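Engineer:
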Amino acid sequence: MATTTYLSNLSALTVNSVSLVDQCTGIVFTQLRESLDKTTLADTGRTYTGGLYNNECTMTLFQSYAASETYQTLAALVGTRTTVVATVIEGAVTKVFTLADCYLESMPVINGALGELSTVDLSFTGGALSVS
Amino acid sequence: MKYIINSPKVGTVGDEFEPAQGINIEALIAGGFIVEESTDKPKKSPTIKKEPKE
Chain H
1 MATTTYLSNL SALTVNSVSL VDQCTGIVFT QLRESLDKTT LADTGRTYTG
51 GLYNNECTMT LFQSYAASET YQTLAALVGT RTTVVATVIE GAVTKVFTLA
101 DCYLESMPVI NGALGELSTV DLSFTGGALS VS
Chain G
1001 MKYIINSPKV GTVGDEFEPA QGINIEALIA GGFIVEESTD KPKKSPTIKK
1051 EPKE
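Protein sequence lines correspond, in order, to chains H and G. Each residue of the first sequence is one higher than the last, beginning at 1 in our numbering. Each residue of the second sequence is one higher than the last, beginning at 1001 in our numbering.
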């Protein structure tokens, strides 16, 4: 059986059209459809059907308060909807994952510890996930 | 109204920014990533007629 592996380097990452790939240390795109229990007394075990989609994108970024960097990009997005686009290239295959109209509920504005580079963990929820 | 890119994080500075679906324009403007450019032509100042000679 043929398998393929790739180094998990993103070639591009934009949040609200702003490139943040140079600040990102980790990202997870999750396609999620909520399960609805449709079990009846006729069943011998739980059975489910698909409900609403509730896609999610979580990422870790280095914090930077410099112009055009992490804080300046995200501060005005808290409590609003935006679009996140991540591009992955594996050999000749390019996949562009777009989570459109996703909601950013919160952003840590300070996350510091002794002897560490400051990072922020973000979660964009909802919206429509498309792959091209 | 059109938008001009003001940060290399968004694209080539000076190019027109065409927002894709779901892009939060207000946040980009607030962060200084793009600037608004009015496409309205400036109105001419009204000409002041001279008073007729008596």
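The C-beta atom is built at its ideal place from N, Cα and C for all residues, glycine as well. Please read these numbers as outputs of a predicted model, since none were measured by experiment.
Using DSSP bridges, identify the partner residues of Met59(H).
Structural biologist: The partner list for Met59(H) (beta bridge, DSSP) reads Ile27(H), Leu122(H).
Engineer: Count the other CB atoms, across all protein chains shown, that sit within 10 Å of the CB of Tyr1003(G); report buried if there are 16 or more and exposed otherwise.
Structural biologist: Result: buried.
Engineer: Alpha carbon to alpha carbon, what distance is there between Thr3(H) and Gly14(H)?
Structural biologist: According to the sequence as given, residue 14(H) is Thr; it is not Gly. About 29 Å.
Engineer: Applying a beta-carbon distance threshold of less than 9 Å, which residues of chain H neighbour Glu1026(G)?
Structural biologist: Result: Ala76, Thr80.
Engineer: For Val1035(G), decide whether its Cβ has a neighbour in chain H, counting only Cβ atoms nearer than 8 Å.
Structural biologist: Output row for Val1035(G): interface = no.
Engineer: Quick check on DSSP: helix, strand or coil for Ala1030(G)?
Structural biologist: Three-state DSSP puts Ala1030(G) in a helix.
Engineer: Would you mind giving the Cβ-Cβ distance between Leu99(H) and Gly127(H), rounded to the nearest angstrom? I have them listed as a contact below 8 Å.
Structural biologist: Confirmed, about 5 Å.
Engineer: Would you report the Cα separation of Asn990(G) and Ala113(H), rounded to the nearest angstrom?
Structural biologist: Examination of residue 990(G) is not possible in this model, given that chain G is present from 1001 through 1054 alone.
Engineer: In chain G, which residues lie less than 8 Å from Thr49(H) when you measure between Cβ atoms?
Structural biologist: Correct list: empty, because the minimum Cβ distance to chain G is about 28 Å.
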